[in-house]
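Comments concern the structure below.
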Amino acid sequence: MSSRASPATARPAASPSSTTFVAARDVRKSFQVGDRQLEVLHGVSLEVGRGELVGLMGASGAGKSTLIQILGLLEEPTSGEVHFEGISAWKLPIAERARLRNERVGFVFQFYHLLPELTAVENVVLPAMIGSSFGAWRKQRKEHFQRAEEVLAQFGLGQRLKHRPAQLSGGERQRVAIARALFLDPPLLIADEPTGNLDSATGEKVLELLLVERERRGLSMLLVTHDERLATRCQRVVTMEDGRVTGDVRTAR
Amino acid sequence: MYRFFLSWRYLTARRTNIIGIIGITVGVGALILILSIMTGFLQETKRSLRGTLSDLIIEPVHLESREGNLVPFAPEPILEAVRADPRVAGAAAQLIWGGILGQSGRDAAIANVRMADAQAGKHSFVKLVGIDVEQEYATTELRVALESPEVMGSGRVHDVDRPFDPPPGYAPAVRTLATVLVGRQLAEAWRLQRGSEIEIMTGVPDPITGDWNVNNRRYVVGGTFRSGENEMDLEKIYVERRELVDFLSSPREFSQVLVKLHDYPRDGKALRDDLDAKLAAKGLISRRSTGEVRTWEDFRRSLLGAIENERVLMAIMLSLVVVVAAFTIFAILSMMVTEKRRDIGILSALGATPSGVTALFLWIAFLDAAIGSLLGAALGTVGAIYIDQIEQWLSRTLGVQIFNRGVYLFDHIPAVVNPLWVGVIVLGAFVCTLLFAAIPAWRAGRLDPLEALRYE
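In the order they appear, the protein sequences are chains B and G.
To convert, count from 1 in the first sequence and add 31; that's my numbering.
To convert, count from 1 in the second sequence and add 159; that's my numbering.
Structural data, given as C-alpha cells:
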C-alpha cells in the first residue's frame, strides 16, 4: 500500500469530509477534582485526514493526552462530538466502540503498556485475541502467532519472542508495543510520546520504525510529542496550549 | 477469548491465587470429611441408640379395656394376634423389673469392698429382663450381643443356643441356681465371669395389700453380652421369663411384647397403626392411640430428633468455613484488581469492553473455585474413605491416641460419604465464591482505565 497524503487542509470545525478519518468537534472535557470542576479542554476541534501524519505539540497539561484519548475513543468528552470514519462514535453502544478501538485504532504509549504476564508474542497477538470469539481464535490461533512472530522478527526481536516485558530493554518493549498496535492493521495509529521514555539513540530507532511502518501502510497517525525535531517530520503540526488549539501548521513535507 | 487465556495466565502467574485455591480446597475438603464422619457417627449412634430395641414395642397398660375386660396378664393372646400378620417376622414377650445387685459366692469379699465404696453404688441398680430364649433370638439382636467379639474368654456363654443352662464346671455348694446373663460393662464393674454367683434383691408390691415385700434370690452368671448400648450393658440382666415370674411372684407374666418385621422401613408405621387398632379391638391393650404400640423410633423420638438437629447445626457451622474460603478469594481478587489497574486500562485501549473485563476476573474466580472445590471434594472423599488409616498413621506418628475406641463403642471411625452432599457442597462453594468474586470483578469493569494509563 502506498502512502496517501491528505489533500485537504484540516480546517478547525469543518464538517467531516470523506477524506477525514477522525474528527473532534468542539470537544470539551472537564474532570471532577475534589469538589471543583477542572476543565481540561475548552472546545477543541481537530480533524485528521486519511493517511495524514499529525504531530501534536504542547506543554505538559495542555490537554494533548486527553484529546488523543478522546479521539481514540478511550475517553468520553463532556460535550462535543467525535466523528470516527463519519460516525458519531460516542453515540454507539459500548461494545461497538470497543470493537472500533480494537480494529480501527492502534495505540502506542510512552510507557509501552505491555502486559507483564505475557511473552512478547502473546502481547502482540492480544488485539486479535480480544477481537475473536473462542471458536474463531481456535481456528486462527496458529496463523496469528506465526504472523506475530514474523512481525517481531522483522522488528529485530526474533530472539526475544518468548521473553516477558521485564526481560526486554525499553527500546525492545516499545517495538513490541508497536507490533501490537499494528497487528490488526488499523487505519489510525495514536502514539503518545512513544520515545519519551527512551534515550535519544534508541528513541530515534524506534521512531524510525514507527514512521516507516506508517508510511508503508499508509496509516493516519496522531503523534504526541515534546520534541521539535520530531515535529518537523510530520506533515502537519498542531499546537495546543491550555486546553485550546493555538496553532495548526502544514509543514513543507 | 482473551478472558480464558488471561484468566488462566493470571491464575498461574500469581502465587496469591494458590492461597485462595488452597483455602477453598481445605474448606470444601474439611466440610465433606467432617460431614461424612458426622453422618457415620450419627448412623452408628442411631444404631447403638436402637441397641436391643426391636422394631415395634407393645406395652399394654394392665388396666381395664374400654369394654371393661381386664387386659390379660399373659402374653400369649398378643403374641398370637401379632404373629398372625404376614409382615411380622418374630415376636417375643419380656417381663421387666428393677432390682439391686449384690454378689455372693467366692467373689463376695471383693464385692463387699466395692459396695462400701460410694462410687460403686451407681452400678448396683439393675434391670431384670425375663425372656423366652427362642422367641428372643428370633426377634432381637440378643444372639449377636452374646456372640460379640468383645465378649471373650470366661465372659462368653458356653452354648449360645442354650444360654440359660448352668455354666460348665459349675458345682453348686447347696443347690443349683438359675442362670442369668449380664451386660459386659456390669460384669466388668463387678468382676463377674461365667460361674460367678450374684445376689439380686428386689421389692414386689403385694397384689392384695399393696405392701412392698423384699425378695432376694441368688443366681449364677452364665455369660455376658454386649449390645453396644452402654447403659443397657451396664444395667441389664437377662433371666428366663418363667424364672423371673417365679422370683417376683407376679401375676403379670410380661411387661412388653417386642415385634420384628420383615421390612421395617416399609411397614413399620403402618403395622404399628394396624396392630394398635387390632389389639385394642380385641381388648389386648387398654385403649387405642395411647402409645401402647410404638415403633422403636417413637420410643427414642427425642434422642433421634436431637441427633438430626445436631447434624443440621454442624452443617451450618461448617459452611462458614467455605464462606471464609470464598472471602479469601474476594480479598485476593480485590487485591488483584487494584494491582492490575494498568492492565485493565491496556485491555480496554486494545478493545476490551467493561463487561469483558468483569468476565475476565469472574473467570479467575471461577477457575479458583473449580480447582479448589474439585480438589477439596476429591480430598474430602478420599479422606473420609481412608479416615481409619489416616487416623492410625497420625496416632502412630504423633504418639497420641486421636480416636479413643473405648469411648465410642465402635472399633473404627465411621464415615459415610453421601455423593449428593458432595455435589451440594461443591456447588455451594462455587456459588459462594462467584458471589463474593462478583464484587471486585464488577469493580474492575467499572474502573476508569485511563487513570491507570496516564502515569507509570
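Positions of the beta carbon are idealized from the N, C-alpha and C atoms, including for glycine.
Does residue i come within less than 8 Å of chain B when only Cβ atoms are used?
i: G582 (chain G); result: no
i: G510 (chain G); result: yes
i: D570 (chain G); result: no
i: P513 (chain G); result: yes
i: A172 (chain G); result: yes
i: L492 (chain G); result: no
i: F164 (chain G); result: yes
Quick one: what does DSSP say residue i is sitting in, helix, strand or coil?
i: A248 (chain G); result: strand
i: R206 (chain G); result: helix
i: E235 (chain B); result: helix
i: A55 (chain B); result: strand
i: R334 (chain G); result: coil
i: R162 (chain G); result: helix
i: G582 (chain G); result: helix
i: I191 (chain G); result: helix
i: A277 (chain G); result: The pLDDT assigned to A277 (chain G) is 47, lower than 50, so where the model puts this residue is not dependable, and the model offers no usable value.
i: S445 (chain G); result: coil
i: T198 (chain G); result: helix
i: I181 (chain G); result: helix
i: S409 (chain G); result: coil
i: Y329 (chain G); result: coil
i: H175 (chain B); result: helix
i: T270 (chain B); result: strand
i: Y423 (chain G); result: helix
i: I561 (chain G); result: coil
i: F165 (chain B); result: helix
i: L616 (chain G); result: Nothing in the structure corresponds to residue 616 (chain G), since chain G is present only between 160 and 615.
What residues of chain B sit near residue i, judged by a beta carbon separation below 7 Å?
i: Y161 (chain G); result: L157, M160, I161
i: Y545 (chain G); result: Within 7 Å Cβ-Cβ: nothing; Y545 (chain G) doesn't reach chain B, min ~39 Å.
i: I505 (chain G); result: H144, L146
i: F619 (chain G); result: With chain G running from 160 to 615 in the structure shown, residue 619 (chain G) is simply not present.
i: R602 (chain G); result: The premise fails here: R602 (chain G) is roughly 17 Å from chain B at the closest Cβ pair, so nothing lies under 7 Å.
i: L612 (chain G); result: F140, H144
Hey, would you say residue i sits closer than 8 Å to residue j, going by beta carbons?
i: S313 (chain G); j: Q344 (chain G); result: no
i: G381 (chain G); j: T338 (chain G); result: yes
i: S195 (chain G); j: A543 (chain G); result: yes
i: L609 (chain G); j: E106 (chain B); result: yes
i: Y545 (chain G); j: D214 (chain G); result: no
i: I561 (chain G); j: L201 (chain G); result: no
i: I359 (chain G); j: L301 (chain G); result: no
i: T556 (chain G); j: L417 (chain G); result: no
i: V255 (chain B); j: K95 (chain B); result: yes
i: I101 (chain B); j: V58 (chain B); result: yes
i: L219 (chain B); j: L242 (chain B); result: no
Below 6 Å CB to CB, which residues in the same chain sit around residue i once its five sequence neighbours on both sides are set aside?
i: S163 (chain B); result: none
i: M473 (chain G); result: M197
i: R267 (chain B); result: V85, R281
i: R56 (chain B); result: S76, G111, E112
i: L238 (chain B); result: T226
i: T175 (chain G); result: I491
i: L579 (chain G); result: none
i: I178 (chain G); result: none
i: A222 (chain B); result: V139, L254
Return no unless some Cβ of chain G is closer than 8 Å to the Cβ of residue i.
i: H257 (chain B); result: no
i: E203 (chain B); result: no
i: L105 (chain B); result: yes
i: A126 (chain B); result: yes
i: F52 (chain B); result: no
i: F115 (chain B); result: no
i: F186 (chain B); result: no
For a contact meaning CB atoms closer than 7 Å, what does residue i contact in chain G?
i: Q100 (chain B); result: L609
i: R130 (chain B); result: G510
Can you give me the Cβ contacts of residue i inside the same chain, cut-off strictly under 7 Å, excluding the 5 residues immediately before and after it?
i: E293 (chain G); result: none
i: M160 (chain B); result: W168
Cβ closer than 8 Å: which chain B residues qualify as neighbours of residue i?
i: Y169 (chain G); result: E148
i: R501 (chain G); result: H144
For residue i, collect the residues of the same chain with a Cβ closer than 8 Å to its Cβ; drop the 5 residues on either side in sequence, then sort them by chain order.
i: L477 (chain G); result: A189, L190, I193, L194
i: I255 (chain G); result: K286, L287, V288, G289, S414, Q415
*Positions along the stretch 522-535 of chain G whose CB lies within less than 9 Å of some CB in chain D*: Included in the structure are the protein chains B and G, with no chain D among them.
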